[in-house]
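Below is one structure; the comments refer to it alone.
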Amino acid sequence: MNTSLFIVIAAALAMGSATGQAADKSAGEALFADACAQCHGPNGKGMASFPSLSGRDAEYITSRLETYRAGEKVGSNSFLMIPNATDLSDDDIANLAAFIAESAE
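All the letters of the sequence shown, read from the start, carry residue numbers -22 to -1, 1 to 83 under mature numbering (1 follows the signal peptide of the UniProt record, and there is no 0).
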């Protein structure tokens, strides 16, 4: 796993545990910038074969990330998403979903 991704995920886990918040959009933004923007673009509109996340609601993002985390394939880029989602906590997923959904508004 990418060292910087590990650090961001570990920090998000620590913040989520310490605060007990269901969704921290700032943590989601930091995680998105470090782990998602390289493929989905800095604004989530997608790049090349990577789909746009713009306009997706939190339920969709949560469902997809949970599916990838479980190792299930749902599309042609699943082989890229599964390793990236494997170590995401429930808080990480909630934070990412909240940030992405809010960014789409």
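From the three backbone atoms N, C-alpha and C, an ideal C-beta is built for every residue, glycine too.
Unbroken alpha helix (DSSP H) run spanning residue i, endpoints
{"i": "P61", "result": "56 to 63"}
{"i": "S81", "result": "68 to 81"}
{"i": "L31", "result": "Unbroken run through L31: none, as it is neither H nor E."}
{"i": "A15", "result": "15 to 18"}
Residues bridged to residue i (per DSSP)
{"i": "F10", "result": "Per DSSP, none; premise fails for F10."}
6 angstroms CB neighbourhood of residue i in its chain, flanking five on each side removed
{"i": "V52", "result": "T45"}
{"i": "I39", "result": "A75, I78"}
DSSP three-state assignment for residue i, whether helix, strand or coil
{"i": "E50", "result": "coil"}
{"i": "Q23", "result": "The identity of residue 23 in the sequence shown is Lys, whereas the question assumes Gln. In this structure, K23 counts as coil in the three-state DSSP scheme."}
Cβ shell of residue i (< 8 angstroms), same chain only, five flanking positions each side left out
{"i": "N21", "result": "S32, S81"}
For this session: Would you be able to state if there are at least three C-beta pairs under 8 angstroms between the segment 19 to 31 and the segment 59 to 72?
Result: no
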